[in-house]
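Quick notes on the structure that follows.
Protein chains: 2
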Amino acid sequence: MRQSPATIRDVARAADLSVASVSRVLNGHSNVQQDTRERVLIAVSDLGYVPNAAARSLSTARSDAIGVVLPDLHGEFFSELVRGLDKAASERGYMLLLSTMHASSALASQAIAAMRGRVDGLIVMAPQIGADDMGYALPVGVPTVLVNSRGELGRHIMRVDNGAGVRAMVRHLLDTGRKAIVHIAGMADNLDGAERRDAYLAAMADMAPTLPTRVLEGDFSEVAGERLTRQLLDEGASFDAIFAANDMMALGAVMALRGADIAVPGQVAVAGFDDVPLARYLSLSTLRVDAAGVGERAIARLVDEIQGTAGPATLELQVPQLMVRATTVAG
Amino acid sequence: MRQSPATIRDVARAADLSVASVSRVLNGHSNVQQDTRERVLIAVSDLGYVPNAAARSLSTARSDAIGVVLPDLHGEFFSELVRGLDKAASERGYMLLLSTMHASSALASQAIAAMRGRVDGLIVMAPQIGADDMGYALPVGVPTVLVNSRGELGRHIMRVDNGAGVRAMVRHLLDTGRKAIVHIAGMADNLDGAERRDAYLAAMADMAPTLPTRVLEGDFSEVAGERLTRQLLDEGASFDAIFAANDMMALGAVMALRGADIAVPGQVAVAGFDDVPLARYLSLSTLRVDAAGVGERAIARLVDEIQGTAGPATLELQVPQLMVRATTVAG
DNA sequence: CGCAAGTCTGTAACCGGTTACATAAATGGC
DNA sequence: GCCATTTATGTAACCGGTTACAGACTTGCG
Numbered sequence: 001m002r003q004s005p006a007t008i009r010d011v012a013r014a015a016d017l018s019v020a021s022v023s024r025v026l027n028g029h030s031n032v033q034q035d036t037r038e039r040v041l042i043a044v045s046d047l048g049y050v051p052n053a054a055a056r057s058l059s060t061a062r063s064d065a066i067g068v069v070l071p072d073l074h075g076e077f078f079s080e081l082v083r084g085l086d087k088a089a090s091e092r093g094y095m096l097l098l099s100t101m102h103a104s105s106a107l108a109s110q111a112i113a114a115m116r117g118r119v120d121g122l123i124v125m126a127p128q129i130g131a132d133d134m135g136y137a138l139p140v141g142v143p144t145v146l147v148n149s150r151g152e153l154g155r156h157i158m159r160v161d162n163g164a165g166v167r168a169m170v171r172h173l174l175d176t177g178r179k180a181i182v183h184i185a186g187m188a189d190n191l192d193g194a195e196r197r198d199a200y201l202a203a204m205a206d207m208a209p210t211l212p213t214r215v216l217e218g219d220f221s222e223v224a225g226e227r228l229t230r231q232l233l234d235e236g237a238s239f240d241a242i243f244a245a246n247d248m249m250a251l252g253a254v255m256a257l258r259g260a261d262i263a264v265p266g267q268v269a270v271a272g273f274d275d276v277p278l279a280r281y282l283s284l285s286t287l288r289v290d291a292a293g294v295g296e297r298a299i300a301r302l303v304d305e306i307q308g309t310a311g312p313a314t315l316e317l318q319v320p321q322l323m324v325r326a327t328t329v330a331g
Numbered sequence: 332m333r334q335s336p337a338t339i340r341d342v343a344r345a346a347d348l349s350v351a352s353v354s355r356v357l358n359g360h361s362n363v364q365q366d367t368r369e370r371v372l373i374a375v376s377d378l379g380y381v382p383n384a385a386a387r388s389l390s391t392a393r394s395d396a397i398g399v400v401l402p403d404l405h406g407e408f409f410s411e412l413v414r415g416l417d418k419a420a421s422e423r424g425y426m427l428l429l430s431t432m433h434a435s436s437a438l439a440s441q442a443i444a445a446m447r448g449r450v451d452g453l454i455v456m457a458p459q460i461g462a463d464d465m466g467y468a469l470p471v472g473v474p475t476v477l478v479n480s481r482g483e484l485g486r487h488i489m490r491v492d493n494g495a496g497v498r499a500m501v502r503h504l505l506d507t508g509r510k511a512i513v514h515i516a517g518m519a520d521n522l523d524g525a526e527r528r529d530a531y532l533a534a535m536a537d538m539a540p541t542l543p544t545r546v547l548e549g550d551f552s553e554v555a556g557e558r559l560t561r562q563l564l565d566e567g568a569s570f571d572a573i574f575a576a577n578d579m580m581a582l583g584a585v586m587a588l589r590g591a592d593i594a595v596p597g598q599v600a601v602a603g604f605d606d607v608p609l610a611r612y613l614s615l616s617t618l619r620v621d622a623a624g625v626g627e628r629a630i631a632r633l634v635d636e637i638q639g640t641a642g643p644a645t646l647e648l649q650v651p652q653l654m655v656r657a658t659t660v661a662g
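Shown next, in the form of structure tokens:
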């Protein structure tokens, strides 16, 4: 019973015209007579005809779709990013083809290969992949914008300016009198995790060379923040500030401190990174990264590349904004 | 310089074989000799060949992609849903083609039409569209699962059991001694908004026919919750509980009450709906809707339909779970 | 050894669009 | 009224895969 849908030839037959005329009408070409146009439109609506996108993109070598490769959809950062991508893409008439890439670079190139012929360009966010593997995974000749990723020359890269963000927060903590700042880092092989950790060490060496530093390796999860903080307390470490590499770990730290009846920010200040929506509700001091804005700008740049109107590829840094809230300074 | 990528014919030429053999090797058919297989694989890797998905789906009439039409990506409910969809889809070898549909049903059918030929099936979530418009917008012969939407016979529908959820919360509020429960509703034309409002009125009439009822129309946004609550306070209304149609409005209500120095839950209890991650952190009593789980189940059902192994279409209700937290009962 | 069955490979049609080119008709300038 | 130009339409090739069918070559069995 499931009859196959009408094709352009069915429409041509119904309108007693050639497929070329039908195609011209449907694509809004000017060289068609009014009468022809009407007959086509009537036939289209009678048959409920909808052009087949696969056939169209095969012959035009365009798909009006943009591939998005993300490490995982977990967390608010990603959903904000996708929201920005979607907004900018639909404004420009593109759809989004989503693919999550679980960890390994082999799976990454597989995910990217599966998009060949389906998309006009790629947005790739893969902070855990090294520059070499990335170069290997990315297809040649397909416009690509990398987000928060390591990458090779010749591809546009958009990144959060982790160094600037970390420096701003370290300065803020020092300015408010903190003397022993502990950093809870993300995974070491994650680009943002590594950059934030290195920036913390560099900022401390630069601004307060006499103060102690300490880095604990977490994994960006709330439970890691909580566990590592409890570990610090258990070993009786002396510290008056925790600067976590993202908000979720910072929230975990807050929970652990509250559980141990340690005043925040009275005894220990806590800061995060990202400014996820939760951070505002829980008054967490952090660095605001406009994920939706990054997504929108990534699409804008990618569409420019697809249309060949883009300038030279660059490394585009977005400086996060320091958000001082109640976990670092008393209200 | 951007040379066009290799085609199957290039591979055939390089391996000195026919395109049919190359295709057979690539699709893992058994009737190919070992030697042939190796020559193909060598040529593929030499040329960096990747099959063109558009061509493949044109000739096979399959795309291995699932279209997802959502009203908007705002809010945690959607990001959770998309996460569930993505997980289940990638487990089954499908990609997700995302499209947001801003409000009108005309745009909805446009978004759906744009997917014709690109996807093997559709997940449509459009709580603001009436059953008639929905029937008109959906393509015939394309497997479809509707999520939280009005819909016609013959299509599988997955919905949150708003009635059960609302009844559970109303009972909880009454059990804890509340006598004047105000409902802040969502948009009236939104399916969930309407169902929750009606269920509130029905539950009150049923369980506490002598108590007063009141409905204020909001729009699911935090600011609406805040504004309407302030309005209640300004007019000196007497109430001891606010039951909002979603968590964000409930949070807005909490903010407004705090701002007016009214104790929660001491003087006024507040409850939401959805159990977004924020709700847990802010100890909001609410009804848990497992959005990721809904997404996963929707994909599972859709893939069954695509493969023709699905049972008859039904209306599948998911009963939300009552989460009692600190905004309705004192700790 | 001859024939049937089975295995492997190649040719070419097909999926459903777009579009270069050819053709036919209409228009305009002289 | 004739030829050049413009405009509208049709024919058929093409995009890059898959696959039905045919043909060539083995293999097995009587």
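Listed in order, the protein sequences are those of chains F and S. Per my numbering, the very first residue in the first sequence carries number 1; after that it's consecutive. Per my numbering, the very first residue in the second sequence carries number 332; after that it's consecutive. Beta carbons are placed, not taken as given, at the ideal position from N, Cα and C, and that holds for glycine.
- Cβ neighbours of R414 (chain S) within its own chain (closer than 6 Å, five residues either side excluded): A623.
- Within the same chain, V513, F570 come within 7 Å of L563 (chain S) by CB-CB distance, once the 5 residues on both sides are set aside.
- Within chain F, the C-beta atoms nearer than 7 Å to that of L389 (chain S) come from A54, A55, L58, in chain order.
- Looking at the DSSP output, L98 (chain F) shares a beta bridge with F:V68, S:L427.
- Among the residues facing chain S, S283 (chain F) is not included, as its CB has no counterpart in that chain under 7 Å away.
- One alpha carbon belongs to R155 (chain F), the other to M323 (chain F), and they sit about 32 Å apart.
- Residues of the segment 426-455 of chain S with a C-beta atom less than 7 Å from some C-beta of chain F are M426, L427, L428, L429, S430, T431, A444, A445, R447, G448, R449, listed in chain order.
- Of all residues in the segment 412-425 of chain S, those with a C-beta nearer than 7 Å to a C-beta of chain F are V413, R414, D417, S421, reading in chain order.
- Within its own chain, the residues whose Cβ lies closer than 7 Å to the Cβ of R447 (chain S), once the five positions on either side in sequence are excluded, are P470, listed in chain order.
- Spatial neighbours of S99 (chain F) in its own chain (CB-CB distance under 6 Å, excluding positions within 5 residues in sequence) are listed in chain order as V69, A111.
- Between the segment 278-298 of chain F and the segment 185-200 of chain F there are fewer than three C-beta pairs closer than 8 Å, too few to call the two in contact.
- Neighbours of P5 (chain F) across chain S, judged by C-beta separation under 7 Å: G472.
- Chain-order list of chain F residues neighbouring S394 (chain S): A54, by C-beta distance under 7 Å.
- Taking 8 Å as the cut-off between beta carbons, none of the residues of the segment 484-498 of chain S comes near chain F.
- Counting other Cβ atoms within 10 Å of its Cβ, Q34 (chain F) stays below 16 and is therefore classed as exposed.
- Taking 8 Å as the upper bound for CB-CB distance, I630 (chain S) and L416 (chain S) are in contact here, some 6 Å apart.
- Only residues of its own chain outside the window of five on either side were considered, and among them L564 have a CB closer than 7 Å to the CB of A591 (chain S), listed in chain order.
- Not a single C-beta of chain S is nearer than 7 Å to the C-beta of S45 (chain F).
- Residue-level contact check: V356 (chain S) does not touch chain F, since none of the beta carbons of chain F fall below 7 Å from its beta carbon.
- Neighbourhood of S552 (chain S) in chain F, by CB distance below 8 Å: empty, with the nearest CB roughly 13 Å away.
- Beta-bridge pairing by DSSP links L564 (chain S) to no other residue.
- In this structure, the alpha-carbon of L357 (chain S) lies about 54 Å from that of V254 (chain F).
- The segment 361-380 of chain S and the segment 341-350 of chain S touch, with three or more beta-carbon pairs separated by less than 8 Å.
- Under a 10 Å Cβ-count criterion, D175 (chain F) is classified as exposed, with fewer than 16 other Cβ atoms of the shown protein chains found around its own Cβ.
- The residues V166, R167, V170, in chain order, have a CB closer than 7 Å to that of A203 (chain F) in the same chain once the five nearest residues on each side in sequence are set aside.
- In the same chain as D304 (chain F), and ignoring 5 residues on each side of it, the C-beta atoms closer than 6 Å to its own belong to A310, in chain order.
- In the three-state reduction of the DSSP assignment, R288 (chain F) falls in the strand class, which pools E and B.
- In terms of Cβ geometry, D189 (chain F) and Q128 (chain F) form a close pair [threshold 7 Å].
- Comparing alpha carbon positions, the residue from S:V381, S:E647, S:A600, S:G556 closest to R481 (chain S) is S:E647.
- Taken in chain order, the complete alpha helix (DSSP H) segments of 4 residues or longer contained in the segment 573-626 of chain S are 578-590, 608-612.
- R214 (chain F) is bridged by DSSP to F:V182.
- Excluding the 5 residues flanking it on each side, Y200 (chain F) has same chain C-beta neighbours closer than 6 Å at V166, H183, in chain order.
- A distance of 7 Å or more separates the beta carbons of T659 (chain S) and P608 (chain S).
- Here L282 (chain F) is buried. Its C-beta has 16 or more other C-beta atoms within 10 Å.
- Assignment of R227 (chain F) by DSSP, reduced to helix, strand and coil, places it in the helix class.
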